[in-house]
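Those sequence lines, one after another, are chains Z and C.
Note that the numbering used here numbers the first sequence so that position 236 is 248, with each residue one more than the last.
Note that the numbering used here numbers the second sequence so that position 29 is 1187, with each residue one more than the last.
Below: one structure, written as structure tokens.
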Amino acid sequence: MPIKKKTWFSKTLIYIVLIVGAFVALFPFIWMILTSIKSTSEAMIIPPTIFPKQIRIDNYTLITTKLPFFKIYLNTIVSAVVTVAAQLVFCSMAAYAFARIQFPGRNIIFITILAVLMVPGTFFILPQYRMMYSMGLLNTIPALFLPNLFSAMGKFLLIQFFLSLPQELEDAAYIDGCNRGRVFISIMLPLIKPGLVSLGILTFKFAWNDLMWPLIVNTSTDKMTLSAALSYLQGQYVTDYPGVMAGAIMSVVPIIVIFAIFQKQFIEGVAHTGIKG
Amino acid sequence: MRINRKKRNEYLWGYAMIAPVTLGLIAFYFYPFFQVIFDSFYKIGSFDRRLGFVGIDNYTKMLADKEMWQTLMNTFQYVIIIVPLTVVFSMLIAVLLNKKVKGLSIFRVIYFLPAITMAAAISMVWRWIFNGDYGILNGLIGTFGLDPVQWLNSKQTALFCICCVAIWSNTGYYMIILLAGIQGISRGYYEAAEIDGATGFQKFKKITLPLLSPTLFYVVIMIIISTFQTFDGIYLMISTKSNAIKHTQSVVMYFYRTAFEHSNKGYASAIAVMLFLIIMGITIFQMKMQKKWVNYE
Chain Z
13 MPIKKKTWFS KTLIYIVLIV GAFVALFPFI WMILTSIKST SEAMIIPPTI FPKQIRIDNY
73 TLITTKLPFF KIYLNTIVSA VVTVAAQLVF CSMAAYAFAR IQFPGRNIIF ITILAVLMVP
133 GTFFILPQYR MMYSMGLLNT IPALFLPNLF SAMGKFLLIQ FFLSLPQELE DAAYIDGCNR
193 GRVFISIMLP LIKPGLVSLG ILTFKFAWND LMWPLIVNTS TDKMTLSAAL SYLQGQYVTD
253 YPGVMAGAIM SVVPIIVIFA IFQKQFIEGV AHTGIKG
Chain C
1159 MRINRKKRNE YLWGYAMIAP VTLGLIAFYF YPFFQVIFDS FYKIGSFDRR LGFVGIDNYT
1219 KMLADKEMWQ TLMNTFQYVI IIVPLTVVFS MLIAVLLNKK VKGLSIFRVI YFLPAITMAA
1279 AISMVWRWIF NGDYGILNGL IGTFGLDPVQ WLNSKQTALF CICCVAIWSN TGYYMIILLA
1339 GIQGISRGYY EAAEIDGATG FQKFKKITLP LLSPTLFYVV IMIIISTFQT FDGIYLMIST
1399 KSNAIKHTQS VVMYFYRTAF EHSNKGYASA IAVMLFLIIM GITIFQMKMQ KKWVNYE
């Protein structure tokens, strides 16, 4: 039947386009891995070899001699985890209060905070840097995360979730004699878990990958994050691409693992921002 | 007026719960906001000391600054190249993924992967691919007998490279947003069109595109805003010593270089204010349009 033939043809075409696209999306990752197991001299052969003639894994250990890599790893983890934890706690509290509690000045405070979202993040960087400097916090771990603990964005994300919960749920608890804090922690928070997960992973991704802020506040290598360290490595060891690639791979593995675990929430979180927008 | 105890208690809970975020935002965002505006009227020396009030000098300097104009020109070029290509690619993939393909979740993950990966790591590998001496791109064009190109060092090609990486990084992200938008369109429209004998392309043009237009508009605005703020890719791939930097830098990159390489934080603050005004303008435009742009559904 001609119709069937036509759908078979278009199906194949769809898969070809999708697979070519997927290859383009993956190629830099593949190339990163292949380069990281080449020797420096093999990486500089013209024309380049695709697969390494000899597999070298010592690029991965060598990088720890060029940089305090474990320390840097730890800094990045600490900074990301503290940022995520603080945002989850602070944002969920504030979001609940704005969504559910009536208090004088609520709307004006809400709108003022909304205004922060209109300002690009880099706008605040110079005074924030000066604050770190005057507090004597440059080249310390807290400098990495301090301004990021508070987020207007996270609060708005969570408000949507609180607003979608029925009021009756809370009312029943008040009749039973619970107070606001109790209701918030044991009834409301468990119900907005999807929202907390979304905010958590988006914040983690931001904190893990951010470049400009860690770059300017911490310049000594043992206080850097992975992003800043990679750019430093690149500047210092211009020719050692296999080493840089090994560092790059080790830097992206945690975020890819987290993505693999939470991919559904990741994608839903992003899709959500778009539909709302 | 007497406020009863229950109500006062309620207020206290409200204030206590918003206190951490609100105080944090005041300290790290509101206060800095006014600082930047204030600083933009000053000359600022080393250790961030204000050296003197200079009025609107920083702003008049900006009007005469050729590098600033070039930077805006670059941003304009980025928008012209990146916006249509990202939209076309992400739309294409979203439409294809919506066709009940096998392995949908695997494709979705693969396409989304570039969007979550650290720019610093990814820029390293792109820098290596584009490397003028040993890069695989030159190896590839070499097999066709073409001469090697200094992709990231020449001002003719560097901007194009930055665009490629930006499109590669963001297509998956916007694809997810568009896919969610497409999936939100009611099946009924398509079924009705099928009864009338509409072809696949007609359905796309007459149903998908118009119903998706609010989402598309949002995506376009997001890409434009993020283009003004591109930093990571340019900082990591283009050497500031190279001639190409002037022809590739975005507004945020120029801001960074002014503040931290040329240590001219007064002028950098003025650049930040200008960036803020541009972004605010775009955002207000977006809000106005979005109100008009009623979804037909």
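All residues carry an ideal CB built from backbone N, CA and C; glycine is no exception.
Values in this document were obtained by computation on a predicted structure and should not be read as measured data.
- For Z/F174, the enclosing alpha helix (DSSP H) begins and ends at 164-175.
- Secondary structure of C/Y1200 (DSSP, three-state): strand.
- Looking at the DSSP output, C/F1211 shares a beta bridge with C/Y1200.
- Between C/V1410 and the set Z/Q114, Z/T73, Z/I137, the nearest pair of CA atoms involves Z/I137.
- Relative to Z/L214, the option among Z/S163, Z/L149, Z/Q66 whose CA is nearest is Z/S163.
- Within 10 angstroms of the beta-carbon of Z/K205 lie fewer than 16 other beta-carbons, which makes it exposed.
- Residue state for C/F1188 is assigned as helix, using DSSP reduced to three classes.
- Linking C/V1283 to Z/Y253 through their CA atoms gives a straight-line distance of about 9 angstroms.
- Looking from the CA of C/F1186, the closest CA among Z/Q140, Z/Q246, Z/N71, Z/M44 belongs to Z/Q140.
- The C-beta distance from Z/W220 to Z/T88 rounds to 6 angstroms, short enough to fall under 8 angstroms.
- Nearest CB-CB separation between C/A1426 and chain Z: below the 9 angstroms threshold.
- Across the set C/I1251, C/L1298, C/I1325, C/T1180, the C-alpha of C/T1180 shows the shortest separation from the C-alpha of Z/G117.
- Residues of the segment 1195-1219 of chain C with a Cβ closer than 8 angstroms to any Cβ of chain Z, in chain order: D1197, F1205, D1206.
- CA-to-CA, the gap between Z/L201 and C/G1358 works out to about 45 angstroms.
- For the pair C/T1301 and Z/P40, the Cα-to-Cα distance works out to about 20 angstroms.
- Here Z/Q99 is buried, its C-beta having at least 16 other C-beta atoms within 10 Å.
- The beta carbon of C/L1230 is closer than 8 angstroms to those of V1409 in its chain, skipping five residues each way along the sequence.
- The three-state reading of DSSP puts C/K1258 in coil, since its state is none of H, G, I, E or B.
- Annotated three-state conformation of Z/M262 is helix, per DSSP.
- Beta-carbon to beta-carbon, C/T1244 and C/T1329 are separated by about 6 angstroms, close enough to satisfy the 8 angstroms threshold.
- For the segment 130-142 of chain Z, the set of residues with a beta-carbon nearer than 7 angstroms to any beta-carbon of chain C comprises M130, V131, P132, T134, F135, F136, L138, P139, Q140, R142, in chain order.
- At a Cβ-Cβ threshold of 9 angstroms, C/V1237 and C/I1382 count as neighbours.
- The beta carbon of C/F1211 sits closer than 7 angstroms to those of F1199, Y1200, all from its chain and outside the five residues before and after it, given in chain order.
- Per DSSP, reduced to three states, the secondary structure at C/S1263 is helical.
- Taking 9 angstroms as the cut-off, the Cβ atoms of Z/S198 and Z/D222 do not count as close.
- Taking 4 residues as the shortest admissible run, the segment 1349-1377 of chain C contains the following complete alpha helix (DSSP H) segments, listed from N- to C-terminal end: 1358-1361.
- Within 10 angstroms of the beta-carbon of Z/R112 lie 16 or more other beta-carbons, which makes it buried.
- The CB of C/T1441 comes closer than 8 angstroms to the CB of M130 in chain Z, given here in chain order.
- Contact check for Z/L156 and Z/P226: beta-carbon distance about 6 angstroms, within the 8 angstroms limit, so the pair qualifies.
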